[in-house]
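Chemist: One rule links them: number in my numbering = place in the sequence shown (from 1) + 63.
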Amino acid sequence: MLFCLLSLSVDMQAAKVLQNVYARKTTSLNGEWQTIIDPFDAGYYDYRMNASPNGFFKDQKPQSKGDHVEYDFSEKETLKVPGDWNTQRPELLFYEGSVWYKKTFKYNLKKDRLLYLYFGASNYQTDVYLNGEKIGTHIGGFTPFNFDITDKVKKGDNFIVVRVNNDRHAEGVPTLNSDWWNYGGITRDVMLVETPMAHVDDYEIRLQEGSYEKVLVKARLNLAVANVKIEVNIPELSIFERITTNQSGVAQIVLDADPELWTPDRPKLYDVELVCEGEHLKDQIGFRHIDTNGKKILLNGKQVFLRGISIHEEAPFRSGRCTTEQDDSVLIEWAKFLGCNFIRLAHYPHNEQMVRMAEKEGLMVWSEIPVYWTIQWDNQDTYNNAYRQLTDNIQRDHNRCAVIVWSVANETPRGQARDHFLTGLVQRARELDNDRLVSMAMETETHDNISTVEDNLSDLVDILSFNNYLGWYGGKPSDCERRKWFFDQDKPVVVSEFGAGAVAGRFGDKDEKWTEEYQAEVYRQTLKMYDKISNFAGCTPWILMDFRSPRRQLHGTQDFFNRKGIVSDKGRTKQAFYVLQDFYKKKGAFKHVKKQ
């Protein structure tokens, strides 16, 4: 079985995703959108299941008393964008299917300008129409996409219709089976983005490999145009340079500089500006090196222990997808109070603002794509989908110095097809970005009370990461005292998941499952066990906050929530939170904070 690694695309007519879209000239289309719930896809297919040329995207209205139209976008049926539909209307909590969205806008595009329609994310298949004409399709629920609508937007009134379908598919990424809520809808920002005809659509600003005193600046235009001038300004480093594109539309320079290095204790970011064809792109960039040396993880050449926690993109207090900076901020604040310097954003790319906020707050980031459990390893379309999601994720966040790990999978079964699939993704990650570590959350094997990772891909990754739930899915917390661990590889070990479920406020003894005491004991014994491993370099226990999951159906206990959070979905900390916090204090948390 051979996968083609070139010219892969899941989208129709989608332009390359614009870098740093929030710094450009934008018009927000967020807010209330008119909607139609369409469980039978009557607005997409005719009664023979052929694509209808006069579907809901036409937004037809009767022109006379005899006209026959059986749908309308009513002002009474709306949904907020960004937002999932499941938590906006009680009757849609479990809904999987199609919802049509409509938004009107006015625009007057000037000559020699381009206009893009940008979506931060939409789950899962998104069909986009402008003024009744299809402009493209995107597949995947967690990465941005945009379409060039320069030649399709009209002066004055326009209308967008979007069909979002969150049906699960065996060939999908993720596949039919996962352990989080299948939130449907336009879950992130929607914007019109205006640019010059020739503009910087991607750039890279970082330390030159192997140096702390040289800064690499690389910019690429959307067009292969030579002799275009791009100004590069980093005032605090006294950098004011002008670079010129080559015939490929790429400009590059290596500059002498002595930047203060980004660290969790002092997350220094520099104001950066790129100016091209009248467009001013402003960003904040941190400079650091991340590497491994044997069993150690090195940040700027110094050993660092990753004091982490796993996080779903689930809104505190109200549940549903995180859609505001306040949602992200609460999760970040909890992680900081826990003593973290590292967060695992599981099991898919989180929103861009979450990554930027983590960077400002001094939190290193593990970023992941939803190659989760048992997907169709021998399906070319499935591979193309995963390849595209990984590519879009890296291209969006490759200037975020906080991101130190690209993860390509979680808990996948070993086998030849899977190994070939994931090898291609690891190679793609390294091709796009050689400035970060690559890993995946693997599974473990235990023989004669000795646990290890027996995975062909162990030699391919930079850090060994695995999920193991001794004391919860098998065994007792006290079994941790006798469990031994052995690894052939001279690599850092970062335990990507461990934990136990507990209902906040349910108390008992430490042998009673679902109590705070039992969860705390699992944490206490597990941390003691892992701390004996010589190459133990960090962990991201599962998970910061309780989150919705259709798999979790124990009434009165789970009620469709995964209860492994050390904070409840309503914001109540459990005992295990403080067990982990105490452990992180011993690993250096808060030592630079005068008053906590």
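Using N, Cα and C, we set each Cβ at its ideal position, and we do this for glycine too.
Are the CB atoms of I395 and E376 nearer to each other than 7 Å?
Modeler: Taking the sequence shown and counting its residues from 1, the one referred to as residue 395 is at position 332. Taking the sequence shown and counting its residues from 1, the one referred to as residue 376 is at position 313. In this structure, E376 does not lie closer than 7 Å to I395 by Cβ.
Chemist: Return the chain-ordered list of same chain residues with a C-beta closer than 7 Å to the C-beta of D220, the five sequence neighbours on each side being excluded.
Modeler: Position 157 of the sequence shown, counted from the start, is the residue given in the question as residue 220. Excluding residues within five positions, the ones whose Cβ falls inside 7 Å are T167, K169.
Chemist: At the level of alpha carbons, what is the spacing between L68 and T578?
Modeler: Within the sequence shown, numbered from 1, the residue matching residue 68 stands at position 5. Within the sequence shown, numbered from 1, the residue matching residue 578 stands at position 515. Because the pLDDT at L68 is just 41, under 50, the model does not fix this residue reliably, and the value given afterwards should be weighed accordingly. The alpha-carbon atoms of L68 and T578 are separated by roughly 49 Å.
Chemist: Distance cutoff 7 Å, beta carbons only. Does G619 sit that close to anything in chain B?
Modeler: Included in the structure is just one protein chain, with no chain B present.
Chemist: Would you call F646 buried or exposed, if buried means 16 or more other Cβ atoms sit within 10 Å of its Cβ?
Modeler: Against the sequence shown, residue 646 aligns to sequence position 583. F646 is buried by the Cβ-count criterion.
Chemist: Just to confirm my understanding: we take N83, look at its own chain, exclude 5 residues before and 5 after, and list those with CB closer than 7 Å. What are they?
Modeler: Here residue 83 refers to the residue found at position 20 when the sequence shown is read from its first residue. Taken in chain order, the residues that qualify are L344, D346.
Chemist: How long is the line joining the alpha carbons of D609 and A563, rounded to whole angstroms?
Modeler: Here residue 609 corresponds to residue number 546 of the sequence shown, with the count starting at 1. Here residue 563 corresponds to residue number 500 of the sequence shown, with the count starting at 1. Roughly 11 Å separates the two Cα atoms.
Chemist: Measure the C-alpha to C-alpha separation of L279 and R269 and round it to an integer number of angstroms.
Modeler: Looking up residue 279 in the sequence shown gives position 216. Looking up residue 269 in the sequence shown gives position 206. Taking the straight line from one Cα to the other gives about 5 Å.
Chemist: Could you tell me if N448 is buried or exposed, where buried requires 16 or more neighbouring beta carbons within 10 angstroms of its beta carbon?
Modeler: If you number the sequence shown from 1, residue 448 lands on position 385. Classification for N448: buried.
Chemist: For E584, count neighbouring Cβ atoms within 10 angstroms of its own Cβ and tell me buried if that reaches 16, exposed if not.
Modeler: By 1-based counting over the sequence shown, the position of residue 584 is 521. By the neighbour-count rule (16 or more Cβ atoms within 10 Å), E584 is buried.
Chemist: Using alpha carbons as the reference points, say which of L178, V338, L500, D391 lies closest to L352.
Modeler: Locating residue 352 in the sequence shown gives position 289, where the first residue counts as 1. It is His, not Leu, that sits at residue 352 in the sequence shown. Of the listed residues, the one whose Cα sits closest to H352 is L500.
Chemist: Return the CA-CA distance between Y699 and S430, expressed in angstroms with no decimal places.
Modeler: Any question about residue 699 goes unanswered here, given that the chain covers just 64 to 659.
Chemist: Can you confirm whether the segment 331-344 touches the segment 288-298 when touching is taken to mean that 3 or more C-beta pairs between the two stretches lie within less than 8 Å?
Modeler: Contact holds: three or more Cβ-Cβ distances are below 8 Å.
Chemist: State buried or exposed for I457, treating a residue as buried only when at least 16 other CB atoms are found within 10 Å of its CB.
Modeler: Start at 1 with the first residue of the sequence shown, and residue 457 comes out as number 394. With 16 or more Cβ atoms within 10 Å of its Cβ, I457 is classed as buried.
Chemist: Rounded to whole angstroms, what is the Cα-Cα separation between I348 and P153?
Modeler: Translated into positions along the sequence shown, residue 348 becomes position 285. Translated into positions along the sequence shown, residue 153 becomes position 90. Roughly 42 Å between the two C-alpha positions.
Chemist: Give me the Cα-Cα distance between V557 and F529, rounded to the nearest whole angstrom.
Modeler: The count along the sequence shown starts at 1 and reaches residue 557 at position 494. The count along the sequence shown starts at 1 and reaches residue 529 at position 466. Looking at the two C-alpha atoms, the distance is approximately 7 Å.
Chemist: Using only the alpha-carbon positions, how far apart do L65 and R451 sit?
Modeler: Looking up residue 65 in the sequence shown gives position 2. Looking up residue 451 in the sequence shown gives position 388. In this prediction, L65 scores a pLDDT of 46, lower than 50, which makes its location untrustworthy; the coordinate-derived value is nonetheless stated afterwards. C-alpha separation (whole angstroms): 17 Å.
Chemist: Determine which residues share a DSSP beta bridge with Q366 and list them.
Modeler: Taking the sequence shown and counting its residues from 1, one reaches residue 366 at position 303. Partner(s): L361.
Chemist: Looking at E257: is its Cβ nearer than 7 Å to the Cβ of R176?
Modeler: The residue given as residue 257 occupies position 194 in the sequence shown. The residue given as residue 176 occupies position 113 in the sequence shown. Yes.
Chemist: Answer yes or no: do D147 and T250 have a C-beta to C-beta separation smaller than 7 Å?
Modeler: Mapped onto the sequence shown, residue 147 falls at position 84. Mapped onto the sequence shown, residue 250 falls at position 187. Yes, the Cβ-Cβ distance between D147 and T250 is below 7 Å.
Chemist: Excluding sequence positions up to five away, which residues of its chain have a Cβ less than 7 Å from the Cβ of T89?
Modeler: Start at 1 with the first residue of the sequence shown, and residue 89 comes out as number 26. Same-chain partners within the cutoff: M254, L255, V256.
Chemist: In whole angstroms, what is the alpha-carbon distance linking V428 and R329?
Modeler: Residue mapping note: residue 428 aligns to position 365 of the sequence shown, counting from 1. Residue mapping note: residue 329 aligns to position 266 of the sequence shown, counting from 1. Rounded to whole angstroms, V428 to R329 spans 16 Å at the Cα level.
Chemist: State the DSSP-derived secondary structure class of D242, mapped to helix, strand or coil.
Modeler: Taking the sequence shown and counting its residues from 1, one reaches residue 242 at position 179. It is coil, neither helix nor strand.
Chemist: What's the gap between the Cα of K547 and the Cα of N519?
Modeler: Reading the sequence shown from its first residue, position 484 is the one you call residue 547. Reading the sequence shown from its first residue, position 456 is the one you call residue 519. Spanning the two alpha carbons is a distance of roughly 21 Å.
Chemist: Using a 10 Å radius around the Cβ and a threshold of 16 neighbouring Cβ atoms, would you call F380 buried or exposed?
Modeler: Residue mapping note: residue 380 aligns to position 317 of the sequence shown, counting from 1. Exposed, since its Cβ has fewer than 16 Cβ neighbours within 10 Å.
Chemist: Take every Cβ of the segment 585-605, pair it with every Cβ of the segment 385-392, and state whether three or more of those distances are shorter than 8 Å.
Modeler: The answer is no - the segment 385-392 does not touch the segment 585-605, with fewer than three Cβ pairs under 8 Å.
Chemist: So the beta strand (DSSP E) M427 belongs to, where does it begin and stop?
Modeler: For the purposes of this step, residue 427 is taken as residue 364 along the sequence shown, with counting starting at 1. Unbroken beta strand (DSSP E) run through M427: 427-431.
Chemist: Could you tell me the alpha carbon to alpha carbon distance between K637 and E422, rounded to whole angstroms?
Modeler: Here residue 637 refers to the residue found at position 574 of the sequence shown. Here residue 422 refers to the residue found at position 359 of the sequence shown. Rounded to the nearest angstrom, the two C-alpha atoms are 27 Å apart.
Chemist: Check the C-beta distance from A320 over to I302 and give it rounded, since I have them as a contact under 8 Å.
Modeler: To locate residue 320, count along the sequence shown from 1; it is residue 257. To locate residue 302, count along the sequence shown from 1; it is residue 239. Indeed they touch by this definition, with Cβ atoms about 6 Å apart.
Chemist: According to DSSP, simplified to helix, strand and coil, what is A600?
Modeler: As a working note, residue 600 is residue 537 in the sequence shown. Of the three classes helix, strand and coil, the one that applies to A600 here is strand, per DSSP.
Chemist: Who are the Cβ neighbours of D230 in its own chain at under 6 Å, not counting the five residues just before and after it?
Modeler: Walking along the sequence shown from the start, residue 230 turns up at place 167. E159, listed in sequence order.
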